[in-house]
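In the numbering used here, the protein residues as written are 1 to 254.
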């Protein structure tokens with residue numbers, strides 16, 4: 001069972017939560033983009049939640065490029081309060097891998113992010129009440145192998161499980177899914193950091209270099225990540241005991 005953490009500067013935490021009563025928290029890609037934009041804008045010492053509206057009023061478009069260009073034009077120096085190492089947005093839940101870099105950073109960041117997104121979602125979809133299932137859950141990463149498997153879960157196992165369930169509906173068994181098929185699905189899945197770790201997509205949101213530095217004994221290369229992905233896909237099913245021991249820590253909450 002996930003426990004309440006006292007966040008410590010320098011430590012890395014697996015942060016996750018789901019919709020209240022397991023309801024969907026992302027209904028379309030616009031919702032997912034809004035959540036990611038919040039992750040970018042609100043990871044700052046300053047409270048700049050209204051900046052998105054200002055960017056939109058001036059450009060008519062909000063994406064990471066316009067946000068980055070806006071910061072340069074306004075000569076705004078960003079001061080992040082957390083280091084984001086990985087993320088995954090599923091239909092009814094999310095996963096983040098975050099490092100505490102200033103005291104109270106994770107608590108402040110998550111409070112701003114979830115409050116901002118909840119307000120957006122309720123207004124956008126004409127609903128009221130809590131969106132998320134209570135306080136976000138957190139687990140401190142205290143072992144190197146656990147960190148590797150959390151990265152593997154966020155970038156590979158969690159989205160792949162959805163794909164496998166879809167394939168089972170059309171009569172395919174998990175063992176029938178071949179590695180090239182799984183790799184193609186993962187590359188086509190947009191809403192996590194798999195492509196960043198492969199070195200095939202740039203990101204203004206996460207610190208890929210720092211995340212890679214925890215793989216392969218600290219060598220920190222995209223090849224180390226590819227080896228991790230290969231190792232996961234070559235397991236006998238995605239619920240091999242080596243991954244299941246990690247997944248059991250938090251899946252009961254999702």
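Note that beta-carbon positions come from the ideal geometry of N, C-alpha and C, so glycine has one too.
Keep in mind the model is a prediction, meaning the values are calculated, not measured.
query	result
Using DSSP with H/G/I as helix, E/B as strand and the rest coil, what is residue 12?	strand
With DSSP run on the structure shown, which of helix, strand or coil describes residue 118?	helix
For residue 342, I'd like the list of residues in its chain whose CB is within less than 7 Å of its CB, leaving aside the five on either flank, ordered along the chain.	In the structure as shown, the chain begins at 1 and stops at 254. Residue 342 is therefore absent and cannot be evaluated.
Could you check which residue in 150, 136 and 135 has the C-alpha nearest to that of residue 142?	150
Determine whether the beta carbon atoms of residue 154 and residue 222 lie at a separation below 7 Å.	no
What would DSSP say about residue 173, mapped onto helix, strand or coil?	coil
Within 10 angstroms of the Cβ of residue 160, are there 16 or more other Cβ atoms? Answer buried if so, exposed if not.	buried
Just curious, the beta strand (DSSP E) that residue 94 is in, first and last residue?	93-100
Whose CA, out of 106, 114, 127 and 204, lies closest to the CA of residue 140?	106
Rounded to the nearest angstrom, what separates residue 138 and residue 201 at their Cα positions?	27 Å
Does the structure place the segment 19-28 close enough to the segment 126-134 that three or more beta carbon pairs sit under 8 Å?	yes
In the structure shown, what three-state DSSP assignment does residue 23 receive?	coil
I'd like to know if the segment 7-14 and the segment 99-118 are in contact, where contact means that at least 3 CB-CB pairs between them fall below 8 Å.	yes
Alpha carbon to alpha carbon, how far is residue 168 from residue 231?	23 Å
Since residue 32 is in the alpha helix (DSSP H), which residue starts that stretch and which ends it?	29-41
Excluding the 5 residues flanking residue 158 on each side, which residues of the same chain have their C-beta closer than 6 Å to its C-beta?	88
For residue 38, count the other beta carbons within 10 Å of its own beta carbon; 16 or more makes it buried, fewer makes it exposed. Which is it?	buried
Is residue 139 helix, strand or coil when you go by DSSP?	strand
For a quick check, are the C-beta atoms of residue 121 and residue 43 less than 7 Å apart?	no
Name the residue from 32, 185, 83 and 78 whose alpha carbon lies nearest to the alpha carbon of residue 208.	83
What does DSSP give as the partner residue(s) for residue 82 in the beta ladder?	100
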